[in-house]
Amino acid sequence: DAGVIQSPRHEVTEMGQEVTLRCKPISGHDYLFWYRQTMMRGLELLIYFNNNVPIDDSGMPEDRFSAKMPNASFSTLKIQPSEPRDSAVYFCASSLLAQYEQFFGPGTRLTVL
Amino acid sequence: AQSVTQLGSHVSVSEGALVLLRCNYSSSVPPYLFWYVQYPNQGLQLLLKYTSAATLVKGINGFEAEFKKSETSFHLTKPSAHMSDAAEYFCAVTRAAANTDKLIFGTGTRLQVFP
Numbered sequence: 001d002a003g004v005i006q007s008p009r010h011e012v013t014e015m016g017q018e019v020t021l022r023c024k025p026i027s028g029h030d031y032l033f034w035y036r037q038t039m040m041r042g043l044e045l046l047i048y049f050n051n052n053v054p055i056d057d058s059g060m061p062e063d064r065f066s067a068k069m070p071n072a073s074f075s076t077l078k079i080q081p082s083e084p085r086d087s088a089v090y091f092c093a094s095s096l097l098a099q100y101e102q103f104f105g106p107g108t109r110l111t112v113l
Numbered sequence: 114a115q116s117v118t119q120l121g122s123h124v125s126v127s128e129g130a131l132v133l134l135r136c137n138y139s140s141s142v143p144p145y146l147f148w149y150v151q152y153p154n155q156g157l158q159l160l161l162k163y164t165s166a167a168t169l170v171k172g173i174n175g176f177e178a179e180f181k182k183s184e185t186s187f188h189l190t191k192p193s194a195h196m197s198d199a200a201e202y203f204c205a206v207t208r209a210a211a212n213t214d215k216l217i218f219g220t221g222t223r224l225q226v227f228p
């Protein structure tokens with residue numbers, strides 16, 4: 001298996017633009033997690049899905065952020081409109097069960113100018 | 114609710130010296146505990162995990178951790194540091210036998226290894 005795949009690896013955009021981050025989990029994993037990592041706030045869980053259904057989105061910072069999982073092999077995290085304070089590395093991870101080992105993707109480094 | 118506390122955001126050791134990264138957890142029920150490592154510009158990867166079997170857990174790259182219930186600790190150790198161990202290390206906890214619970218991560222400890 002290729003592991004968790006994220007795209008793009010780097011994204012530079014201007015304030016106010018829409019940003020879409022993509023994730024392909026490991027085949028057969030029922031859980032998918034979106035994290036954000038910054039120097040100031042560390043690693044934050046934004047949202048996670050079980051069998052494509054959002055279970056806990058309490059970490060989503062505000063309405064500008066939305067996440068979807070239309071099928072078992074694809075998820076998106078969208079920021080609209082983006083702001084400079086959204087600059088961070090966004091990780092996607094998947095696991096068989098929520099409490100089991102999570103496999104992380106390489107991350108998307110987002111820079112909002 | 115579960116939580117983990119990692120003591121020391123930065124730890125520096127000399128190459129060949131003992132590595133000790135501290136993690137204390139809080140959980141009202143039996144926990145599962147994990148250590149992850151993050152190398153620069155990479156995602157997190159699992160070093161080792163405790164899932165209620167042996168209390169001394171061995172992981173990759175010579176790391177090990179011991180679950181001590183009386184001390185609510187799960188410290189990570191390696192007898193002899195190598196330059197390649199320089200990375201950020203995260204401790205995480207979740208409830209055992211709670212299939213839908215997420216992992217709760219600590220704030221991380223950055224390990225520096227000097228020649």
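Heads up: the sequence lines are chains C and E, in that order.
Residue numbers for the first sequence follow our numbering, beginning at 1 and rising by one.
Residue numbers for the second sequence follow our numbering, beginning at 114 and rising by one.
Yeah, the Cβ is synthetic: ideal placement off N, Cα and C, and Gly gets one too.
Values in this document were obtained by computation on a predicted structure and should not be read as measured data.
Look at the Cβ atom of residue i, then the Cβ atom of residue j, and state whether they are nearer than 7 Å.
i	j	result
C:F91	E:G156	yes
E:Q115	E:V206	yes
C:G59	C:L43	no
E:Q158	E:E201	no
C:L96	C:H10	no
E:V117	E:A194	no
E:V170	E:A199	no
C:L112	C:M15	This sequence places Val at residue 112 of chain C; Leu is not what is there. Going by C-beta atoms, C:V112 is nearer than 7 Å to C:M15.
C:S82	C:T38	no
Need the endpoints of the beta strand (DSSP E) that residue i sits in, please.
i	result
C:A2	First-last for C:A2: undefined, no H or E at that position.
C:D56	53 to 56
E:F227	222 to 227
C:P70	65 to 71
C:Y35	31 to 38
E:A178	177 to 181
E:S125	123 to 127
C:H10	10 to 13
E:A199	Unbroken run through E:A199: none, as it is neither H nor E.
E:Q119	116 to 120
E:K215	Looking at the DSSP string, E:K215 is not in any beta strand (DSSP E), and its letter there is neither H nor E.
Am I right that residue i and residue j are in contact with their C-beta atoms under 8 Å? What's the rounded C-beta distance?
i	j	result
C:G105	C:A93	7 Å
E:G172	E:L160	4 Å
E:P153	E:M196	Between E:M196 and E:P153 the Cβ distance is about 13 Å, and since that is not below 8 Å, they are no contact.
Please report the distance separating the alpha-carbon of residue i from that of residue j.
i	j	result
C:I5	C:F103	10 Å
C:S7	C:T20	9 Å
C:R36	C:P70	21 Å
C:F65	E:R208	28 Å
C:E101	C:E62	28 Å
C:K68	C:P84	23 Å
C:E18	C:D57	20 Å
C:F49	C:Y31	5 Å
E:L224	E:C204	13 Å
E:T220	C:D86	19 Å
**OP:** Could you tell me whether the stretch 21 to 31 of chain C touches the stretch 69 to 81 of chain C, where touching means 3 or more Cβ pairs closer than 8 Å?
**Re:** yes
Subject >> Three-pair Cβ contact test at 8 Å for the stretch 158 to 170 of chain E versus the stretch 137 to 150 of chain E >> reply: yes
Original post:
Using 8 Å as the Cβ pair cut-off and three pairs as the minimum, do the stretch 179 to 188 of chain E and the stretch 121 to 130 of chain E touch?
Top reply: no
Subject >> Stretch-stretch touch, CB-based, cutoff 8 Å, three pairs: the stretch 132 to 140 of chain E with the stretch 184 to 198 of chain E >> reply: yes
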